[in-house]
Each structure stands twice: as structure tokens, then as C-alpha cells.
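Throughout, my numbering is defined as the position within the sequence shown, counted from one, plus 22.
The block underneath contains the structure these notes are about, expressed in C-alpha cells.
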Amino acid sequence: MNAAVDTQLNNPASPRSRPADWLWRPWYAKLWWAAIPVWWSGMALSAKLDALASFYDSAAAGFLNLLFFPMTALMVLGVGYVRHWLTSLPNAGDGAPLSEDAAARVADLWEQHERGMEDIHATTDIHDPRSGGLYIGNPSSLQHPNRLFRH
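In C-alpha cells form, the structure reads like this:
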């Protein structure tokens, strides 16, 4: 086995971190998670207190609803964890160019893909006669200008 691979497997670059290290441990994460139930409790109290109701009905409160939505906090705080996780993945390759045989196979696969996509586009394009009933020139097409809808 390659010595570089052995070294990478035996000595990881950084210890494996958990999502909780990014979602809860920083001070700003704790503050954000603590503010979320306070915000939504205030929203529940606004049904009883008119002073709070006028604030929670404002446009600023609408923006703050997004800020204090739990999924927003999860997504924003999860960015650091995802970045750390992506950098811990092994590199795809050493950057060596493809051999002529491999480059020819890639070119053939790409050509097959292009032909397949052209056929898919032909069957879903309303301006292409190969699309059958979708074709705008087809009298039975729903997009045909002379089609009458009788009820």
C-alpha cells in the first residue's frame, strides 16, 4: 500500500469533531439557542398582551421571526461543521493527467450523455415536433392556438 495513504489513515490531520462542537459550544451559539425560546414565548404572550401584540405584528418582527426560527440557527451554525467535515475528506487525486485511453473513454461517455440529453430535450420541448402531444403545432396539444375548450 502507498506510504502516504498509510500515514493518512494512521495519523488523522485533526480529531473528529461532532456537530455539537459547532452547534452548541461557541458562546454565540449558546446565546442564539437561548434567545429562540425567549422570542417564541414572547410571541405566545403577545396573544394576551396588547403592548407585545403591536410589536410582534410589525415588519421588524417578521424579519426577527426568520432570525429566531430554529432551522435558521441550525443551518447557519452548521456551516462551520460542514466546512470542517469537507476539509477532513481525503483529496480526490494527485492531479496527474489522464492517460490517452482514459481520456478517450471519458470523451465517449460525454458524447453518449450529450446524445441522450438531446433526445430528452426533444421530447419535452413544445417547439420541437418530436415531442408529440406537447408540440404546439399538434392540433391535439393543449398549447395549440386553435384548440377550443368545450365544457
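The beta carbon of each residue, even a glycine, is placed where N, CA and C say it ideally should be.
ask   = Just reading off the alpha helix (DSSP H) that residue 162 is part of, what are its end residues?
value = Residue 162 -> no alpha helix (DSSP H), and no H or E assigned at all.
key: Burial state of residue 44, where buried means 16 or more other Cβ atoms lie within 10 Å   = buried
query = CA-CA distance, residue 162 and residue 146?
reply = 16 Å
ask   = How long is the line joining the alpha carbons of residue 166 and residue 140, rounded to whole angstroms?
value = 24 Å
message = Could you check whether residue 151 and residue 138 sit closer than 8 Å to each other, using their CB atoms as the reference points?
response = no
key: Ordered list of alpha helix (DSSP H) runs contained in the segment 35 to 95, each at least 4 residues   = 41 to 45, 49 to 67, 72 to 78, 81 to 89
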